[in-house]
Amino acid sequence: MLPQDESLEILEEFLREHHYEKLQGIPIRVILQLAYLVLKETAFVDGNKFYR
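Each number in this note's numbering comes from the position in the sequence shown (counting from 1) with 217 added on.
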């Protein structure tokens with residue numbers, strides 16, 4: 218499993234290093250918030266096990 222906090226830091230670093238302020242009109246701050254939600258709220262079931 219990916220370290221979630223580190224993944225968000227890497228995403229932010231990448232976006233800032235490549236001088237992105239917005240992607241398709243969406244501010245970087247919002248993109249990072251959405252990425253946080255996806256990483257923190259993702260869950261799945263495999264067999265009888267629930268993973269979050």
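The C-beta atom is built at its ideal place from N, Cα and C for all residues, glycine as well.
- The three-state reading of DSSP puts L240 in strand, counting E and B together.
- Our two residues, S224 and Y253, have alpha carbons roughly 9 Å apart in a direct line.
- Under the criterion of beta carbons closer than 8 Å, L251 and L228 do not qualify as touching, at roughly 11 Å.
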